[in-house]
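Structure record follows, encoded as structure tokens.
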Amino acid sequence: MAPLPAQHLAFRILERTSHRNLERRSEPLPVVRDNDVLIQVHGVTLNSRDIQITGGWYPALGLKSDLVPCSDGAGVVVAVGSSVQNFSVGDRVLATFALNNIYGPLKDQTQTLGGGVDGMLRQYAAVPEHAVVKIPQECKLDFVQLASLVCTGATVWNALYGSVPMRPGQTVLFQGTGGVSITGIQLAKAAGAITIVTSSSDDKLQFVKETFGVDHVINYRTTPDWADEVLRLTHGVGADYVIEIGGAGTIEQSIKAVAPGGMVAVVGYLANIKPEAMPNVALLALIKGCCVRGILIGSHQLTTELVRFVTQKNIQPYIHKTFGFSREEVIAAFDHLESGNHIGKVGISVATKEE
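Below is the structure:
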């Protein structure tokens, strides 16, 4: 392997009012401590969180100033610290969302990539060994696809398997056609679930039905009471799992659509609602006898399980479009995600040399 460079390229956000304030800098290579793995990053994917953090409206405290954004990154190990035992130079790896979340729920966000600590939108990243997942040799995913597993993949895996494990033949309802929903559809179908997807676009609904074999689709603009349609499609039973993206604006219908004793996994909060129209979630959940569970990504353990499942099932995470590593291309990638015109994930191929 060629000698490591003294400098590398990294994107930082100094003024968190817009992703258009991202700056690309040449910086010294990260310091590799005894327990660190130095990753040459090859693929990054974006999440709504990245738009929110760079725009200054992400609802978490303790965000690092002068931040390298993006939690999702995958690449190759190019150096290891003196105490590292489980990784070698040349291993394909991804870094987990939170450096301090090995098992169980995430207790705080101070060590989250692209939030509390510098993220993966750079050419090299030094990550503690315990926050790195090795990719099996038989896994055929490219680096952008691997990066997509970090946030959306682990989130859906947590929703479906982190508490009450989903079983084949159960029904899962996904809202929208963004990264979480598309990744979730692919996982759920591979596990033998029945899938229902909602969207306001007939074209997107047709696409997911033809491309991913979604069982049922609902246009929530033409069918505003979509929970009733879910009940009809499930013969009055409801969905065993609802992957809730909208938050306050859709939670009432999600609880109506879920089966008694089912799970509403809250992973987003994109749909606003006037305070006076806020539903009584506690009462609705009590009447339905369902679980409303907040999902904050997934631990190292869950991410490892996910990588194993994706490898064994030969799932190919869907990447809508991949951009380059120039500043112009990176800004365009953020713009594309913000537009909402994508289906699935938006990726960035990280350059290994100056572009």
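71 is the number that full-length UniProt numbering gives to position 71 of the sequence shown; each next residue is one higher, with no gaps. The beta carbon of each residue, even a glycine, is placed where N, CA and C say it ideally should be. All values reported here derive from a predicted model rather than from experimental measurement.
Nearest-angstrom Cα distance between residue i and residue j?
i: Ile13; j: Ile255; result: 38 Å
i: Gly238; j: Ser181; result: 18 Å
i: Ala227; j: Val32; result: 52 Å
i: Ala159; j: Val44; result: 23 Å
i: Leu29; j: Val78; result: 12 Å
i: Cys291; j: Thr198; result: 21 Å
i: Leu149; j: Asp203; result: 26 Å
i: Pro69; j: Gly236; result: 44 Å
i: Gly344; j: Gly153; result: 11 Å
i: Glu252; j: Asp240; result: 16 Å
i: Gly247; j: Gly340; result: 17 Å
i: Ser18; j: Leu205; result: 31 Å
i: Val93; j: Thr177; result: 27 Å
i: Asn314; j: Gly62; result: 38 Å
i: Glu305; j: Tyr318; result: 19 Å
i: Leu286; j: Ala188; result: 27 Å
i: Arg232; j: Asp91; result: 49 Å
i: Gln109; j: Val156; result: 19 Å
i: Gly249; j: Thr54; result: 24 Å
i: Leu296; j: Ile102; result: 13 Å
i: Ile51; j: Ile39; result: 24 Å
i: Ile196; j: Leu146; result: 25 Å
i: residue 359; j: His42; result: There is no way to answer for residue 359, as the model of the chain reaches only from 1 to 355.
i: Glu27; j: Ala10; result: 7 Å
i: Gly184; j: Asp142; result: 19 Å
i: Thr234; j: Thr222; result: 19 Å
i: Gln316; j: Cys139; result: 10 Å
i: Pro168; j: Val266; result: 22 Å
i: Asp118; j: Ala60; result: 15 Å
i: Asn100; j: Gly179; result: 24 Å
i: His336; j: Met166; result: 33 Å
i: Pro275; j: Leu283; result: 17 Å
i: His320; j: Glu210; result: 15 Å
Report yes if the CB atom of residue i is closer than 8 Å to the CB atom of residue j, and no otherwise.
i: Ala131; j: Ala95; result: yes
i: Gly116; j: Lys64; result: yes
i: Glu244; j: Gly261; result: no
i: Ala257; j: Val281; result: no
i: Arg24; j: Arg293; result: no
i: Met278; j: Val164; result: no
i: Thr171; j: Ala191; result: no
i: Ala98; j: Gln111; result: yes
i: Pro136; j: Asn35; result: no
i: Leu46; j: Ala333; result: yes
i: Val350; j: Phe325; result: yes
i: Leu22; j: Val330; result: yes
i: Gln175; j: Phe212; result: no
i: Leu67; j: Gly114; result: yes
i: Ser201; j: Tyr220; result: no
i: Arg16; j: Gly56; result: yes
Assuming residue i and residue j form a contact by the criterion Cβ under 8 Å, report the distance between their Cβ atoms to the nearest whole angstrom.
i: Val230; j: Val217; result: Not quite, the Cβ-Cβ distance comes to about 11 Å (not below 8 Å), so this is no contact.
i: Thr303; j: Val133; result: 5 Å
i: Met120; j: Ser71; result: 7 Å
i: Val80; j: Val37; result: 6 Å
i: Gln123; j: His300; result: Not really, about 24 Å apart at Cβ, beyond 8 Å.
i: Gly289; j: Gly162; result: In fact, because the Cβ distance is near 20 Å, the residues do not count as touching under 8 Å.
i: Val144; j: Thr322; result: 5 Å
Could you give the residue range of the beta strand (DSSP E) that holds residue i?
i: Leu9; result: Gln7 to Ile13
i: Phe323; result: Ile319 to Phe323
i: Ser199; result: Ile194 to Ser199
i: Gln175; result: Thr171 to Gln175
i: Gly347; result: Lys345 to Ser349
i: Cys291; result: Cys291 to Gly294
i: Leu29; result: Unbroken run through Leu29: none, as it is neither H nor E.
i: Asp108; result: Counting along the chain, Asp108 falls outside any beta strand (DSSP E), and DSSP gives it neither H nor E.
i: Gly75; result: Asp72 to Val80
i: Val93; result: Arg92 to Ala95
Where do the ends of the alpha helix (DSSP H) carrying residue i lie?
i: Leu306; result: His300 to Lys313
i: Thr183; result: Gly179 to Ala190
i: Leu286; result: Val281 to Lys288
i: Thr155; result: Ala154 to Tyr161
i: Phe334; result: Arg327 to Ser339
Using a C-beta cutoff of 8 Å, does residue i count as contacting chain D?
i: Ile315; result: Note that chain D does not occur in the displayed structure, where there is just one protein chain.
Hey, which unbroken runs of the beta strand (DSSP E) at 3 residues or more fall wholly within the segment 213-275? 216-219, 239-244 and 258-266
Please go through the segment 111-150 and give each complete alpha helix (DSSP H) segment of 4 or more residues, from N-terminal end onward. 143-147
Output the residue ranges of the beta strand (DSSP E) runs that lie fully inside the segment 34-63 and measure 3 residues or longer, sorted by chain position. DSSP runs (the beta strand (DSSP E)) wholly in the segment 34-63: 36-45.
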